[in-house]
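Numbering (this note's numbering) for the sequence shown: 48 to 675. All residues carry an ideal CB built from backbone N, CA and C; glycine is no exception. Fair warning: this is a prediction, and the values are worked out from it, not measured in the lab.
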Amino acid sequence: MDSSTRSLDSSSTEAHHDLLRRVLISPASSLDVIPIQMPDMMDVDAPDDDDDDDAFDEAYRLHSQASHMGILDPSYQTFISAHGHGALIYKIASRTLIITGDPLCPPSAYTALLSEVNSFRQGRKLKLALMNISEPFARHCRSQGHTVFRFGRERVLNPLTNKLLGAAAGKRILARNRHLLDPKRGGLSVGVYAPAVTGTVSRPLLERELQRVYDSWRRQRRDRRRAYVTQYDVFSRPKHALFLYVLGPDSQPLGLAALRSVGARAGFHLDPCLAAPGSPSGITDLLVVAAMTLLRRAGIAYLSLGCEPLPDLDDGRRGLGASLTRLGYRRVMRAVPLGGKKAYHDKFRPDEALGSDLYIAMPSVAVPVQQSLALMHVANISLRRLFLAGHLPSAAMTSDITTGSTVNGSPPPTKICVYCGASGGDAPAHMEMARQLATVMAANNIHLVYGGGTVGLMGMVAKTLCELSGPDAVHGIIPEALVKYERDSTYQTTNKDNQVVPDLNRYGRTTVVPDMHTRKKLMAEEVFAGGPGSGFVALSGGYGTLEEIFETITWNQLGIHQKGICLLSVDGYWDGIVQWIDTAVKQGFIKEANKDIVVTATSAEGAVRALRDYKVSEATLKLEWGSQ
Numbered sequence: 048m049d050s051s052t053r054s055l056d057s058s059s060t061e062a063h064h065d066l067l068r069r070v071l072i073s074p075a076s077s078l079d080v081i082p083i084q085m086p087d088m089m090d091v092d093a094p095d096d097d098d099d100d101d102a103f104d105e106a107y108r109l110h111s112q113a114s115h116m117g118i119l120d121p122s123y124q125t126f127i128s129a130h131g132h133g134a135l136i137y138k139i140a141s142r143t144l145i146i147t148g149d150p151l152c153p154p155s156a157y158t159a160l161l162s163e164v165n166s167f168r169q170g171r172k173l174k175l176a177l178m179n180i181s182e183p184f185a186r187h188c189r190s191q192g193h194t195v196f197r198f199g200r201e202r203v204l205n206p207l208t209n210k211l212l213g214a215a216a217g218k219r220i221l222a223r224n225r226h227l228l229d230p231k232r233g234g235l236s237v238g239v240y241a242p243a244v245t246g247t248v249s250r251p252l253l254e255r256e257l258q259r260v261y262d263s264w265r266r267q268r269r270d271r272r273r274a275y276v277t278q279y280d281v282f283s284r285p286k287h288a289l290f291l292y293v294l295g296p297d298s299q300p301l302g303l304a305a306l307r308s309v310g311a312r313a314g315f316h317l318d319p320c321l322a323a324p325g326s327p328s329g330i331t332d333l334l335v336v337a338a339m340t341l342l343r344r345a346g347i348a349y350l351s352l353g354c355e356p357l358p359d360l361d362d363g364r365r366g367l368g369a370s371l372t373r374l375g376y377r378r379v380m381r382a383v384p385l386g387g388k389k390a391y392h393d394k395f396r397p398d399e400a401l402g403s404d405l406y407i408a409m410p411s412v413a414v415p416v417q418q419s420l421a422l423m424h425v426a427n428i429s430l431r432r433l434f435l436a437g438h439l440p441s442a443a444m445t446s447d448i449t450t451g452s453t454v455n456g457s458p459p460p461t462k463i464c465v466y467c468g469a470s471g472g473d474a475p476a477h478m479e480m481a482r483q484l485a486t487v488m489a490a491n492n493i494h495l496v497y498g499g500g501t502v503g504l505m506g507m508v509a510k511t512l513c514e515l516s517g518p519d520a521v522h523g524i525i526p527e528a529l530v531k532y533e534r535d536s537t538y539q540t541t542n543k544d545n546q547v548v549p550d551l552n553r554y555g556r557t558t559v560v561p562d563m564h565t566r567k568k569l570m571a572e573e574v575f576a577g578g579p580g581s582g583f584v585a586l587s588g589g590y591g592t593l594e595e596i597f598e599t600i601t602w603n604q605l606g607i608h609q610k611g612i613c614l615l616s617v618d619g620y621w622d623g624i625v626q627w628i629d630t631a632v633k634q635g636f637i638k639e640a641n642k643d644i645v646v647t648a649t650s651a652e653g654a655v656r657a658l659r660d661y662k663v664s665e666a667t668l669k670l671e672w673g674s675q
């Protein structure tokens with residue numbers, strides 16, 4: 048068993064102090080990319096005094112996860128079972144009790160613990176919401192009749208396999224780190240402070256200076272509260288954390304990062320991670336790499352970066368209440384500045400196998416207005432600012448809702464048929480455009496119809512939209528003969544007709560058809576029945592993509608449909624086709640007015656906009672067609 052497996056399989060009963068001590072006593076390695084000054088240890092073998100641990104500390108030691116970061120926020124409270132069933136962390140806002148993270152107890156105690164919580168809140172006439180909960184606990188909530196939304200994903204670094212530590216990625220980050228740590232240039236140094244571990248030398252002056260760094264950082268942001276950023280009392284529970292700090296050439300602290308132990312994962316959560324106002328750039332990157340270096344020494348394979356909220360909620364429900372909830376959430380997410388969070392995490396190369404989905408849950412109600420307002424409060428989202436910015440839905444906006452059935456006369460969902468290759472192409476830009484198109488479709492509540500493959504551009508656009516909008520937003524249609532060519536063997540299941548199809552939750556719904564004509568006919572019919580802005584988009588592809596898009600253009604010219612058709616070009620991919628159309632117009636083979644049957648775009652946003660604004664050519668034939 049390698050060190051990565053040992054770390055992940057280690058018992059969750061390992062005491063926090065044992066986990067912290069394991070980090071502190073692990074020796075420096077020749078593989079370290081950052082030198083770290085460790086705290087002085089008076090007695091490395093000194094036993095830790097856990098006699099003062101209360102019931103909450105015990106529950107936290109066994110079951111804590113990254114989603115329990117609220118323990119460092121003084122506005123959160125702890126609930127401890129009177130009957131020994133465990134504990135949990137909660138906050139009250141908008142007359143709602145919001146539980147954050149899973150209950151700190153084994154799954155067998157969920158029901159008993161939550162029964163005590165319900166008695167507590169009902170006596171105070173509080174509603175209930177649950178935030179940042181894991182998939183296993185979300186399943187329990189569904190079994191209790193709660194509505195459950197997938198809203199985010201936890202991103203996790205594996206210090207034992209991370210490419211930055213092996214110098215196989217992040218060369219710019221590593222070069223900047225070397226500059227900052229060079230005594231003749233940046234002159235910075237990195238150290239560790241562990242105030243609650245027995246045997247370490249106390250440094251109250253350093254703690255006050257680090258607190259000052261955090262307070263000045265917070266003051267700088269007081270006028271711009273950031274969504275999904277917890278407000279910490281950094282040293283309020285020192286027995287659950289150790290701290291990394293950066294000192295300048297004058298020995299003054301310039302940066303701070305807290306490594307909070309998470310017992311359920313035998314690892315740590317990195318938060319906060321910050322630089323003092325006016326300090327050199329690159330300090331937070333330095334702290335992240337230092338944290339990975341420290342944990343790699345100790346053979347620890349889990350360093351959580353926290354939650355990345357998704358642009359849309361996914362609950363699989365239909366109806367007005369669910370649609371209003373999703374619509375409000377989408378508009379809120381467009382208003383808050385979260386785009387940089389994913390990009391920042393990505394540059395450290397998270398291990399997707401260690402990541403996990405996060406959920407929101409609440410007792411089922413038609414439109415959970417009160418709980419939604421409470422969750423916004425917890426997430427530091429200003430309701431007043433959203434109204435002033437025009438991001439919240441009003442009654443007049445309910446016509447934007449697309450649920451698949453007519454609600455108060457609203458149209459069916461917009462549907463875009465995407466033609467594209469079962470290959471990813473040689474340039475990464477092609478796959479990136481497929482991902483961007485799916486992301487823009489999710490942000491606009493647009494459904495996908497596509498060729499049913501799970502590889503290449505087809506797989507990317509389907510998988511991405513399914514992750515963001517749920518399986519109901521994706522429908523793949525594939526001829527049986529092409530299954531072995533346009534699909535990999537992973538994430539498959541067997542449907543009711545005993546056909547092997549992709550996993551519904553990963554790639555959406557799949558229909559297997561007998562031939563190519565049936566495939567194209569069914570794909571087109573879905574678009575024809577779609578709401579405003581429905582149409583066809585061609586991403587990069589080969590002969591098959593070319594044949595599909597040209598038949599769709601011909602159908603438009605003949606009057607079979609009036610939906611928009613867009614060539615979404617990556618690095619001039621479709622320029623040759625556009626030039627050919629111009630030549631055909633000049634030489635009299637295509638009418639001038641029919642030149643714009645097909646439109647072009649160079650961005651995902653542009654393609655969606657082009658279909659929404661599409662104008663039907665006056666020169667198309669107005670023929671009567673049968674059932675073909």
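- Around the beta-carbon of His130, fewer than 16 other beta-carbon atoms lie within 10 Å, marking it exposed.
- Ser77 and Pro300 have their C-alpha atoms spaced approximately 26 Å apart.
- The beta-carbon separation of Val70 and Leu303, rounded to 17 Å, does not stay under the 8 Å limit for a contact.
- Counting along the chain, the unbroken alpha helix (DSSP H) around His477 starts and ends at 475-490.
- As a beta-bridge residue in DSSP terms, Gly582 pairs with Ile463, Gly611.
- Considering only Arg265, Tyr292, Ala305, the residue with the shortest C-alpha distance to Phe282 is Ala305.
- Taking 8 Å as the cut-off, the beta carbon of Leu529 is found no closer than this to the beta carbon of Ala520.
- Linking Val239 to Ile81 through their CA atoms gives a straight-line distance of about 13 Å.
- Tyr590 counts as exposed, since fewer than 16 other beta carbons sit within 10 angstroms of its beta carbon.
- Taking the Cα of Val195 as reference, the smallest distance to any Cα among Leu211, Leu212, Ala176, Val203 is reached at Ala176.
- Minimum Cα-Cα distance from Gly523 among the listed residues Lys610, Phe395, Ala469 corresponds to Ala469.
- Scanning the region 181-222 from its first residue to its last, the whole beta strand (DSSP E) runs of 3-plus residues come out as 193-204.
- The region 323-333 makes no contact with the region 307-315: fewer than 3 CB pairs, one atom from each, lie closer than 8 Å.
- When DSSP states are grouped into helix, strand and coil, Thr592 belongs to the helix group.
- The region 200-219 makes contact with the region 347-355; the number of CB pairs closer than 8 Å reaches 3 or more.
- Its chain contains Arg344 as the residues whose beta carbon lies nearer than 8 Å to that of Pro74, once the 5 sequence neighbours on both sides are disregarded; these appear in chain order.
- Between the C-alpha atoms of Asp332 and Lys633 there is a straight-line separation of about 57 Å.
- In the three-state scheme derived from DSSP, where H, G and I count as helix and E and B as strand, His130 is classed as coil.
- One thing to note: Thr143 has its Cβ no nearer than 8 Å to the Cβ of Met178.
- By the neighbour-count criterion, in which a residue is buried when 16 or more other Cβ atoms sit within 10 angstroms of its Cβ, His494 is buried.
- In this chain, the alpha helix (DSSP H) harbouring Ile624 covers 622-633.
- At the C-beta level, Asp404 and Met116 stay beyond 8 Å of one another.
- In this structure, the straight-line span from the alpha carbon of Gly582 to that of Lys638 is close to 22 Å.
- Burial check for Lys510: the Cβ neighbour count within 10 Å reaches 16 or more, so the residue is buried.
- In the three-state DSSP reduction, Ala648 falls in the strand class (E or B).
- Inclusion of Pro242 and Pro296 in the CB contact set at 8 Å is not warranted, their separation being larger than that value.
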